[in-house]
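S.K.: One structure, pasted below without further comment.
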Amino acid sequence: MSHPTEDRLRRLYASFAGGNLAGFLAGCTDDVTFTVPGDTAGSGVFTKDSFVEWITGVIGMTGGTFREDVLDVLANDEHGVLLLHHAFDRDGRPRAYGTVGRATGQPARVRGGVGPTRLSAPASRVRRVHHDLVSPE
155 MSHPTEDRLR RLYASFAGGN LAGFLAGCTD DVTFTVPGDT AGSGVFTKDS FVEWITGVIG
215 MTGGTFREDV LDVLANDEHG VLLLHHAFDR DGRPRAYGTV GRATGQPARV RGGVGPTRLS
275 APASRVRRVH HDLVSPE
């Protein structure tokens, strides 16, 4: 039996993978932040207000080929960790890498990010998401 936080995270990421950005963001708090480390065109810290423009730009750079697959979700009342695989074509070349999304929360909300984490079940909204590059392929 899966944990309620795992189920919620899987549903949110399925919305994103299906192109339902509004549905994905509906599961986020108004002050959600998305942190993408590195020094690339897609790196930075993005808010709920800037997410759609940012991710649309990222997808545009890949000619619409960007996809994110959830490999596994580990979750409990305090944390959620998503093992993800990103793949896309850019400049005529396929690219792929693994990433880890960390989610943390507060009562009735899920947050993801760096630093202290806290989540009280049932978590229902993403607060911050932080992705760490695992290994480029």
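Positions in the sequence shown are counted from 1; adding 154 to them yields my numbering.
Yeah, the Cβ is synthetic: ideal placement off N, Cα and C, and Gly gets one too.
Note that the structure is a prediction, hence the values are computed from the model and not measured.
For the region 187-243, list the beta strand (DSSP E) runs that are entirely contained and at least 3 residues long, ordered along the chain.
M.R.: 198-201, 221-229
S.K.: With distances taken Cα to Cα, identify the nearest neighbour of S204 among L236, L175, G255.
M.R.: L175
S.K.: Taking the alpha-carbon of D130 as reference, which of V199, R165, G211, G214 has the nearest alpha-carbon?
M.R.: Absent from the model: residue 130. The displayed extent of the chain is 155 to 291, so no value can be given.
S.K.: Out of L238, D226, G218, A250, point me to the one whose CA is closest to E160's CA.
M.R.: From the listed residues L238, D226, G218, A250, the smallest Cα separation to E160 is found for D226.
S.K.: If we count the other Cβ atoms within 10 Å of its Cβ and call it buried at 16 or more, is L163 buried or exposed?
M.R.: buried
S.K.: From S169 to H157, what does the alpha carbon distance come to, in whole angstroms?
M.R.: 19 Å
S.K.: Can you check whether the C-beta of A171 is within less than 8 Å of a C-beta belonging to chain B?
M.R.: Considering every chain present, this structure includes no chain B. It has just one protein chain.
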